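Undergrad: Going down the list, the sequences are from chains A and B.
So for the first sequence, the working numbering puts the first residue at 785; every next one is plus one.
So for the second sequence, the working numbering puts the first residue at 0; every next one is plus one.
Note that CB positions come from ideal geometry on N, CA and C, so glycine has one too.
Predicted, not measured: the structure shown is a model, and the values here were computed from it.
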Amino acid sequence: MSALHPDRKTAERLAGLSSDNDVVLDPVTGDGTLIEDPTVQAPLVLGNRSFASVTDTICGWVENPQPKYWTPLFLVSGMLATVATLMIVYLIITGVGVWGLNTPIGWGFDITNFVFWVGIGHAGTLISAILCILKQKWRTSINRAAEAMTIFAVICAGTFPGIHVGRVWFVWFVFPIPNYNWIWPNFRSPLLWDVFAVSTYFTVSLLFWYMGMIPDIATLRDRAMKRLDKSGRLLFLKIPTGKIAAYAYGLMAFGWRFNYRGWWNYEKAYILLAGMSTPLVLSVHSIVSFDFAVSILPGWHTTIFPPYFVAGAIFSGFAMVLTLMIPMRSMYPGMKDFLTLRHIENMCKIITVTGLMVGFAYAMEFFIAWYGANEYELYAFKNRAFGPYWWAYWTMVTCNVISPQVFWFKWARTTPWFIFIVTIFVNIGMWFERFVIIVTSLHRDFLPSSWGMYTPTWVEILTFIGSFGIFLSLFLLFVKFLPMMAISEIKNVLPQADPHADDTDDAHAHNGAGHKEGA
Amino acid sequence: MSHHADTSALMSRDNVTQAPGAGKMLSVALIAVGVVALALTLIGGMTGDSYAARAAMLNYHIGFIAVLAVTLGGMAFVMISHQTGAGWSAGLRRQFENLMSMVPICAVLFLPIFALCFLSPGLLFKWMDAAYVAGDPIYDHKRAYLNMPFFAVRAILFFAVWAGLAFVLMRLSLKQDETGDKWLTRSMRRFSAPGILLFALATAFASFDWIMGLDFHWFSTMFPIYYFAQGILAAFAAVTLILLVNRRAGRLQGVVTEEHFHDLGKLIFGFIVFWAYISFSQYFLIWYANIPEETAFMSRRRTGEWMSVSVVLVALKFIVPFLVMLPRPNRRNPVILAAVCAWLLVMHLVDFFWVIRPELFSSVARGMGFSWLDIVGPIGPVAIYAGVLIRTIASRPLVCLKDPRLPQALHHKNYI
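1) Based on the DSSP output, what are the partners of Leu1018(A) in its beta bridges?
2) Using only CA atoms, which one of Leu870(A), Arg928(A), Leu1012(A), Ser1067(A) lies nearest to Ile998(A)?
3) If the cut-off is 9 Å on Cβ atoms, which residues from the segment 1085 to 1104 of chain A count as contacting chain B, listed in chain order?
4) Among the candidates Pro193(B), Phe109(B), Val15(B), whose CA atom is the shortest distance from the CA of Val381(B)?
5) For Gly221(B), return the contacting residues in chain A, with the cut-off set at a CB-CB distance below 7 Å.
6) Taking just the CA atoms, how far does Trp126(B) sit from Ala151(B)?
7) Am I right that Leu67(B) and Cys105(B) are in contact with their C-beta atoms under 8 Å? What's the rounded C-beta distance?
8) Can you tell me the Cα-Cα spacing of Cys843(A) and Gly1096(A), whole angstroms?
9) Should Tyr770(A) be flagged as near chain B, meaning a C-beta pair shorter than 8 Å?
10) Do the segment 970 to 986 of chain A and the segment 941 to 957 of chain A make contact, defined as three or more Cβ pairs closer than 8 Å?
11) For a contact meaning CB atoms closer than 8 Å, what does Arg404(B) contact in chain A?
12) Residues bridged to Ile889(A) by DSSP?
13) Going by the DSSP bridge assignment, what does Trp1235(A) pair with across the sheet?
14) Can you check which of these residues, Ile1088(A), Ile876(A), Ile1128(A), is closest to Trp1195(A) by C-alpha distance?
15) So, does the CB of Ile137(B) fall closer than 8 Å to a CB anywhere in chain A?
16) Is it true that the CB of Pro969(A) sits closer than 8 Å to the CB of Phe980(A)?
17) What's the call for Gly22(B), buried or exposed, on a 16-neighbour Cβ count within 10 Å?
18) Whole angstroms are fine: how far does the CA of Met211(B) sit from the CA of Ala52(B)?
19) Evaluate the contact criterion for the segment 257 to 271 of chain B versus the segment 323 to 333 of chain B: three or more CB pairs, one atom per stretch, below 8 Å.
20) To which residues of the same chain is Glu1217(A) closer than 7 Å at the C-beta, ignoring the five residues directly before and after it?
21) Could you check whether Ala1270(A) and Asp1000(A) sit closer than 8 Å to each other, using their CB atoms as the reference points?
22) Contact defined as beta carbons within less than 8 Å: I believe Ile1249(A) pairs with Thr1107(A). What is the distance between those atoms, to the nearest angstrom?
23) When DSSP labels each residue in this structure, what does His410(B) get in the three-state scheme?
24) Would you call the segment 900 to 909 of chain A in contact with the segment 1075 to 1084 of chain A, where contact means no fewer than 3 C-beta pairs closer than 8 Å?
25) Helix, strand or coil: which one does DSSP assign to Leu801(A)?
26) Using a threshold of 7 Å, is the CB atom of Trp371(B) nearer than that to any non-hydrogen atom of the ligand NAP?
27) Tell me whether the beta-carbon of Phe227(B) lies closer than 8 Å to the beta-carbon of Phe207(B).
28) One question on the structure: do Glu1149(A) and Thr1086(A) come within less than 8 Å of each other, judged by their Cβ atoms?
29) Alpha carbon to alpha carbon, how far is Trp305(B) from Leu284(B)?
30) How would you list, in chain order, the residues of chain A whose beta-carbon sits under 7 Å from the beta-carbon of Tyr417(B)?
31) Give the range of the alpha helix (DSSP H) segment to which Glu1149(A) is assigned.
32) Alpha carbon to alpha carbon, what distance is there between Ile819(A) and Gln825(A)?
33) Relative to the alpha-carbon of Ile318(B), which residue among Trp274(B), Ala393(B), Phe296(B), Phe351(B) has its alpha-carbon at the smallest distance?
34) Out of curiosity, what's the CA-to-CA distance linking Met78(B) and Ser191(B)?
35) Does DSSP classify Val1078(A) as helix, strand or coil?
36) Whose C-beta lies closer than 7 Å to the C-beta of Val808(A) among residues of the same chain, with five residues either side of it excluded?
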């Protein structure tokens, strides 16, 4: 890393794009985004950018060659995705016996991975819907990528319940279609509600993500129209990439023409979809928690589960957003202008809060397990912490409750490489949380004769590792072909987008980077 | 430039303080009503049948728990807005602070309960009655937590935490009114971070001790969140009502506008849904699993007359306010907003009536046993609290006068 400030470095990289880049750095607050003065709103976009340079930079990530890490990363994740696919094929042609599941442990890696991936998905909807409704304008830099991440995480999540049923060709039984003799699925089962909840969530998230992207895809289309003669080469074949791009983006833009009526409908649809997505943030993981909590199994049946699962999901989702965005921030030119240290610091704070909520829930569960005076419940919790799976429990506590506490220190929550490491811990911790809940509650049944241990087979382990390949491949394709940030929304939070900044608020006029923020 | 001029005009003394002596009569009248209600409760409790003393005590407890919930809800919002650096709410934070600064009154209202734990153990919390719990294996298990010296120590600890938080946050905020030091905002923010943590723990265990402990066999991990959801909803309703009344009295013109009421309305709507989500989840998981030791609490509230209260609660604390607050124009209409807030505060009491009062009889077969004590009992603490609150509001500026985010709050707009 050079000693130059990221903002300067950006200016150097973008030389020619914005010649009037003369931001004066504050000696204390650096680029100004970490300013603590309550009278000054931290700038959301750095580099004194014009509207044109916002468009150029964000579209440039798609139009210019990808950073040099892209191809190796894609090859590795593509390979992992292939491994996952092969494992699934092997599972289907052989049977679920290739997994380590057996009485009494009927759920292992499969459902752990399902809950883990669904949880990851929550940050996207929280950022796009709830932060939109709370008018948190800093969300504009992260919402698009986080929503994409949500969709890919839900795709990974949906795979696992689909393949764990054993005979996948009967998986259509989960849909409310009567099969033999007019037999319907059991509507009283939370496993069926899961199907509805996750598919609704996926559909609405996809609509929200795609609809928000239409104007930006139209921008890419318009720019592609100017480069129709561009071509690429695959071995000895000449590919007219310019024409393909213009045609594909044109198709995907649904005829968007940036007219007044279009924007008017767009804004209305956006806020309506935000309103509809907000309850979904809570409902999906609440219903996932019902899978466990409606039972009478010690360790599964406890009333705090729905909000506790939601807090954990947001916790893991934000950790994954940072795990992805911190490296990308260094890889893509100019991204540090949009994804500032303030954005990262805010997300670290959310991680700390939700991590404490999760810790609070662990404490309440343990206290009530004792206070409830039910010997089986108490045993289940003692067994979690001190039984054969003690290492999983303490990994969970260390990663989820202890590791985010470093964010109480300002240095820790403003140093990207360090945050990256902590978010990896959080991801590990949240996977172990689901593993602990599922496996430790199952492995010792009420009768000691039904006790057992669960060891995953290589097939399960490779399927899980491979699911990261599916997730990352999709994400890498997203950053290559689609606009990673919402161009029009970012223009909205630029200082020059507020024509009344000077006549209502002189405090901000003296601060070149400052601007009004509705939050 | 114009901005300074118009801020100082809005901050004129007449606009941001109440008229001298305003609300004094109302406050005195409310305290008088409260004292009379207390006296009647006392008489009713001493003279009726064998259950009357417990009925009087439970009803007093309903009032106390309800006002404590409002106080804690206010405290939670103050700390959350410091933590998030909220600008829009800088003009209304003072009213949440007023609620928060009522912790000492709550402590005074708790004193009779505290004293009775020693004078007549078991009257309110049955586990304190040594004869009642003799040979009860469930109690024996919990003895390490539910025992008299520990209960008292915890109660003192809870109030110490709340009072400490309220005192420091209030003092810093009032100091900023005088000095205008913008860095006090940062001090309040830094103080709130560990503050929320302490607050959550104290509130959670207080809800276990004082509400869940009434039926000491029963337990629910969701309970603290349920109590918090009740409290923060009621705090929003109370603050909105206070602001609307002050606006009507010609104060806060241009400081708290339709835009702020719109946002308060949205938050009230959100927390109505949150309350419903939490209470439904708690009920639903207990109902579905159907484990006797948990279901006892719910089945009692689903039997006979209590079933009607349960239905009333769902219909009138959730469905009706939900539908009323859904359309945008209603959230911007002061009359509708005031009506909903007043209604939510009534339902706040009904909610605690539903939680606490069924513990009167050991046997479900005795039904509800509704008496005049159920009306008079909660009025005592509630009226005294309201009376003192009115004096507290009048004793301070109605706005955090020199909050550095006030200009941002004054220009706050909802475009959608």
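TA: In this structure, then:
1) Here residue 1018(A) refers to the residue found at position 234 when the first sequence is read from its first residue. Looking at the DSSP assignment, Leu1018(A) forms a beta bridge with Leu1021(A).
2) On the first sequence, position 214 is the one that residue 998(A) refers to. Of Leu870(A), Arg928(A), Leu1012(A), Ser1067(A), the residue nearest in Cα terms is Arg928(A).
3) His1085, Thr1086, Thr1087, Ile1088, Phe1089, Pro1090, Pro1091, Tyr1092
4) Your numbering for residue 381(B) matches position 382 in the second sequence. Across the set Pro193(B), Phe109(B), Val15(B), the C-alpha of Phe109(B) shows the shortest separation from the C-alpha of Val381(B).
5) Counting from 1 along the second sequence, the entry for residue 221(B) is found at position 222. According to the sequence provided, residue 221(B) is Met. The question's Gly does not apply to it. Thr1087, Ile1088, listed in chain order.
6) To locate residue 151(B), count along the second sequence from 1; it is residue 152. To locate residue 126(B), count along the second sequence from 1; it is residue 127. Cα to Cα, the separation comes out at about 14 Å.
7) Counting from 1 along the second sequence, the entry for residue 67(B) is found at position 68. Counting from 1 along the second sequence, the entry for residue 105(B) is found at position 106. Confirmed, about 5 Å.
8) Start at 1 with the first residue of the first sequence, and residue 843(A) comes out as number 59. Start at 1 with the first residue of the first sequence, and residue 1096(A) comes out as number 312. Cys843(A) and Gly1096(A): Cα-Cα distance of roughly 34 Å.
9) Nothing can be reported for residue 770(A), as the shown portion of chain A is limited to 785 through 1303.
10) yes
11) Along the second sequence, one-based indexing puts residue 404(B) at 405. Near Arg404(B) (Cβ distances below 8 Å), the residues of chain A are Pro822, Thr823.
12) Along the first sequence, one-based indexing puts residue 889(A) at 105. Paired residues: Asn886(A).
13) Within the first sequence, numbered from 1, the residue matching residue 1235(A) stands at position 451. In DSSP, Trp1235(A) forms a bridge with Arg1228(A).
14) Within the first sequence, residue 1195(A) is the residue found at index 411, counting from 1. If you compare the alpha carbons of Ile1088(A), Ile876(A), Ile1128(A) with that of Trp1195(A), the shortest gap goes to Ile1128(A).
15) Locating residue 137(B) in the second sequence gives position 138, where the first residue counts as 1. Judged by the 8 Å Cβ criterion, Ile137(B) is in contact with chain A.
16) As a first step, residue 980(A) is located in the first sequence; it is residue number 196 there, counting from the start. As a first step, residue 969(A) is located in the first sequence; it is residue number 185 there, counting from the start. Not closer than 8 Å, so no.
17) In the second sequence, counting from the first residue as 1, residue 22(B) sits at position 23. Gly22(B) should be labelled buried.
18) On the second sequence, position 53 is the one that residue 52(B) refers to. On the second sequence, position 212 is the one that residue 211(B) refers to. Roughly 20 Å separates the two Cα atoms.
19) yes
20) As a first step, residue 1217(A) is located in the first sequence; it is residue number 433 there, counting from the start. The residues are Gly1096, Met1180, Asn1184.
21) The sequence position of residue 1000(A) within the first sequence is 216, counting from 1. The sequence position of residue 1270(A) within the first sequence is 486, counting from 1. Against a cut-off of 8 Å, the Cβ pair of Ala1270(A) and Asp1000(A) comes out as a contact.
22) Position 465 of the first sequence, counting from 1, holds the residue named residue 1249(A). Position 323 of the first sequence, counting from 1, holds the residue named residue 1107(A). With a Cβ gap of about 16 Å, Ile1249(A) and Thr1107(A) do not count as contacting.
23) As a position in the second sequence, residue 410(B) is number 411, starting the count at 1. Correct three-state label for His410(B): coil.
24) no
25) Numbered from 1 along the first sequence, position 17 holds the residue referred to as residue 801(A). Here the model assigns Leu801(A) a pLDDT of 44, short of 50, so the residue's position is not dependable, and the following value carries that caveat. In the structure shown, Leu801(A) sits in coil (DSSP, three-state: anything other than H, G, I, E or B).
26) Inclusion of the ligand NAP in the displayed structure is not the case, the ligand content being empty and no account of it being possible.
27) Start at 1 with the first residue of the second sequence, and residue 227(B) comes out as number 228. Start at 1 with the first residue of the second sequence, and residue 207(B) comes out as number 208. No, Cβ-Cβ distance for Phe227(B) and Phe207(B) is not below 8 Å.
28) Position 365 of the first sequence holds residue 1149(A). Position 302 of the first sequence holds residue 1086(A). A contact, by the Cβ cut-off of 8 Å.
29) By 1-based counting over the second sequence, the position of residue 305(B) is 306. By 1-based counting over the second sequence, the position of residue 284(B) is 285. Spanning the two alpha carbons is a distance of roughly 20 Å.
30) Given a span of 0 to 415 for chain B in the structure shown, any question on residue 417(B) remains unanswerable.
31) Locating residue 1149(A) in the first sequence gives position 365, counting from the first residue. From DSSP, the alpha helix (DSSP H) with Glu1149(A) extends over 1125 to 1155.
32) Here residue 825(A) is taken as the residue at index 41 of the first sequence, counted from 1. Here residue 819(A) is taken as the residue at index 35 of the first sequence, counted from 1. Taking the straight line from one Cα to the other gives about 8 Å.
33) Here residue 318(B) refers to the residue found at position 319 when the second sequence is read from its first residue. Per the Cα distances, Trp274(B).
34) As a position in the second sequence, residue 78(B) is number 79, starting the count at 1. As a position in the second sequence, residue 191(B) is number 192, starting the count at 1. In a straight line, the C-alpha of Met78(B) is about 5 Å away from that of Ser191(B).
35) Numbered from its first residue, the first sequence carries residue 1078(A) at position 294. In the structure shown, Val1078(A) sits in coil (DSSP, three-state: anything other than H, G, I, E or B).
36) By 1-based counting over the first sequence, the position of residue 808(A) is 24. Below a pLDDT of 50, predicted positions are generally treated as unreliable, and Val808(A), at 48, falls in that range; no measurement from the model is reported.
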